[in-house]
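Chains as they are written, first to last, in the numbering used here: chain A, 1 to 247; chain B, 1 to 247.
There are 2 protein chains.
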Amino acid sequence: MSTDAATARLTFEVVKTACSNCNLRELCLPIGLPPADLRRLDELVSTRRRLKRGDHLYRAGQEFESIYAVRSGFFKTDVLIEDGRDQVTGFQMTGELLGLDGISSEVHTCNAIALEDSEVCAIPFSHLESLSRQIHTLQHHFHKVMSREIVRDHGVMMLLGTMRAEERLAAFLLNLSQRFKARGYSPAEFNLRMSRDEIGSYLGLKLETVSRAFSRFQEDGLLAVHQRKVRILNTAGLRKLMSHQRG
Amino acid sequence: MSTDAATARLTFEVVKTACSNCNLRELCLPIGLPPADLRRLDELVSTRRRLKRGDHLYRAGQEFESIYAVRSGFFKTDVLIEDGRDQVTGFQMTGELLGLDGISSEVHTCNAIALEDSEVCAIPFSHLESLSRQIHTLQHHFHKVMSREIVRDHGVMMLLGTMRAEERLAAFLLNLSQRFKARGYSPAEFNLRMSRDEIGSYLGLKLETVSRAFSRFQEDGLLAVHQRKVRILNTAGLRKLMSHQRG
DNA sequence: TGCCGTGTTTGATCCACGTCAACCCCGGGT
DNA sequence: ACCCGGGGTTGACGTGGATCAAACACGGCA
């Protein structure tokens, strides 16, 4: 869609938003700040931006200037190479940050795409840096967030490097479940926001293989699937599946 | 080896080392600092530590307190899970940082092992944080380094998720080549510090597959291999191999 | 209400890589 | 000089997941 940029501009809202009374602050950056610091943080988040399903939040190659906190909705990030291959590098939900990859070269290195209508807070990175020079705990928390991203990526490398198809899907579902739970939603029943193809890309599998794994889980009574609606029936069973030796 | 800890203590040197005249500063943290700041940085790197081939720099589960800059030598990092599977998450050479994964939970999440006799600078993380609150460019550079790690991990995810065996090995060799070049060594001829098994673990392949891919490259005149000695004969050929469509 | 397009499921077949096993190479110790 | 052991190579064979192909479910729209 070539109208992305235009759309983006239109949905840019120049309203002040307030971290200090945002109910996400346990998940997002301003964790555990004293009220005084929290008020200073409010200056940081200058704009909110609303996206429709399918919109790009940013694209690979675009200049990097802000990171984004997901206020509501669901995103994927992916990288593509010339020959057409692409790899989904992550799915981001409420309270998670997007754009950390852009810091290194001042250019975004992946695409961030809304998988449902979403809203994000834009955090100008230079402001974040200057504020975190003043607020100790903010600095430390930000470092932890970046580090957590590295640890998460190592987990995915483990998954892609050593697990077989059904283990990968089990790990993926358990991870989603736990993240929904942390946000106060049911850990057992949720709607997938992404297609089989996108799950496959993330897990290094073809969409048919993902589909078959879902069917197998259903046969085995581990879960009930209907299209994108998933109900986990046997968490322990999924977990056990993951820790089975190869072979 | 249960004597690791004892060895580590013995090889701990309580000598002041100086970033200001370290020839790695283009690769390491203190890039582009004015002389005055550089001198303050010297206080940061309190200790150097020498490791023998096979020694652990740190282990998963150990308390995190410092990151490490490789002064000389070669490392691997890996994560293992209970059932015995393990995944090499990276290889680190001169000027690269180790331990960034530990920031998130204040505990190291992987093992760092010297693949040859090596020397590292220990950088107490809390010192780094306080100094980077004072030195703007240090802060920014550190953020870039963390972000670069995330981008690197995305590259590995791409490799593990979408590439076939020979593409993976080609990508791996080209990456090594380029890093040796950046350090002033020959990009065409180098010694691998890691075993076929370790390469395989990093690339999500079995050691036999790695070995076969090496043999194939040799047959095709792309490189000359003898054990761990590699000479790249046709860089363009390797690069072309990587960009071939699957199928 | 029926049609169309997109996403999903399922089946049949193929192939890249894993597995198992034998052998080789080379360096270190006696 | 010999043996020994760990890493590396090579071959034969098996298999998990990719590929190709067909049918199906569902939401949107005329």
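Glycine included, C-beta positions come from ideal geometry on N, C-alpha and C. No experiment lies behind these values; they were computed from the predicted model shown.
Buried versus exposed call for residue i [16 or more other C-beta atoms within 10 Å across all chains shown]
| i | result |
| --- | --- |
| A/G61 | exposed |
| B/S2 | The predicted position of B/S2 is uncertain, since its pLDDT is 42 and thus under 50; a value taken from the coordinates is nonetheless stated next. With fewer than 16 other Cβ atoms within 10 Å, it is exposed. |
| B/N191 | exposed |
| A/Q227 | exposed |
| B/S177 | buried |
| B/G247 | Reliability of the predicted coordinates at B/G247 is poor, the pLDDT of 34 falling under 50, and the value obtained from them is presented with this limitation in mind. Label assigned to B/G247: exposed. |
| B/R196 | buried |
| A/S118 | buried |
| B/A5 | With a pLDDT of 46 at B/A5, under the threshold of 50, the modelled position of that residue is not reliable, and the figure given next carries that caveat. Result: exposed. |
| A/A18 | exposed |
| A/A224 | exposed |
| B/G32 | exposed |
| A/I103 | buried |
| A/E167 | buried |
| B/D83 | exposed |
| A/Q92 | buried |
| A/S132 | buried |
| A/N111 | buried |
| B/S201 | buried |
| A/E63 | exposed |
| A/A114 | buried |
| A/N239 | The amino acid at residue 239 of chain A is misidentified as Asn; the sequence shows Arg. By the neighbour-count rule (16 or more Cβ atoms within 10 Å), A/R239 is not buried but exposed. |
Limits of the alpha helix (DSSP H) - the one that residue i falls within
| i | result |
| --- | --- |
| A/Q87 | Note, A/Q87: premise wrong, no alpha helix (DSSP H); beta strand (DSSP E) at D86 to M93. |
| A/T162 | H136 to T162 |
| B/I199 | R196 to L203 |
| B/K240 | T235 to M242 |
| A/K181 | A165 to A182 |
| A/L41 | P35 to D42 |
Three-way DSSP call (helix, strand, coil) for residue i in this model
| i | result |
| --- | --- |
| A/T11 | Confidence is the limiting factor: at A/T11 the pLDDT is only 47, short of 50, which leaves the residue's position unreliable and the question unanswerable from this model. |
| A/A122 | strand |
| B/V210 | helix |
| A/F64 | coil |
| B/T47 | strand |
| A/H108 | coil |
| B/L128 | helix |
| B/D117 | coil |
| B/D4 | With a pLDDT of 49 at B/D4, under the threshold of 50, the modelled position of that residue is not reliable, and no figure is offered here. |
| B/S20 | helix |
| A/L27 | coil |
| B/D101 | helix |
| A/R59 | coil |
| A/R133 | helix |
| B/S215 | helix |
| B/S72 | strand |
Beta-carbon neighbours of residue i, restricted to chain A and to distances below 7 Å
| i | result |
| --- | --- |
| B/L100 | S147 and I150 |
| B/R85 | T162 |
| B/T89 | H154 and M157 |
| B/R133 | R133 and Q139 |
Closer than 7 Å at the beta carbon, the chain B residues around residue i
| i | result |
| --- | --- |
| A/H140 | E129 |
Unbroken beta strand (DSSP E) run spanning residue i, endpoints
| i | result |
| --- | --- |
| B/H226 | L223 to H226 |
| B/N191 | E189 to N191 |
| B/I81 | From DSSP, B/I81 is part of no beta strand (DSSP E); its letter is neither H nor E. |
| A/K229 | K229 to I232 |
Chain B residues whose Cβ lies nearer than 8 Å to that of residue i
| i | result |
| --- | --- |
| A/E82 | S243 |
* **Residues of the segment 144–175 of chain B with Cβ closer than 7 Å to any Cβ of chain A, in chain order** => Per Cβ criterion, the list reads K144, M146, S147, R148, E149, I150, V151, D153, H154, V156, M157, M158, L160, G161 and T162.
* **Within 9 Å of chain A by C-beta, residues of the segment 19–47 of chain B in sequence order** => Only those residues of the segment 19–47 of chain B whose C-beta falls short of 9 Å from the nearest C-beta of chain A would be listed, and there are none.
* **Near-chain A residues of the segment 104–130 of chain B (beta-carbon distance less than 8 Å), N- to C-terminal order** => Along the segment 104–130 of chain B, the positions whose C-beta sits under 8 Å from a C-beta of chain A are S104, S105, T109, C110 and E129, read in chain order.
* To do: Taking a Cβ distance cut-off of 7 Å, strictly less, list which residues of the segment 204–217 of chain A are near chain B, in chain order.
  => When C-beta distances to chain B are compared with 7 Å, the residues of the segment 204–217 of chain A below that value are G204, in chain order.
* **Residues in the segment 48–77 of chain B having any Cβ partner in chain A nearer than 8 Å** => Listed in sequence order: no entries.
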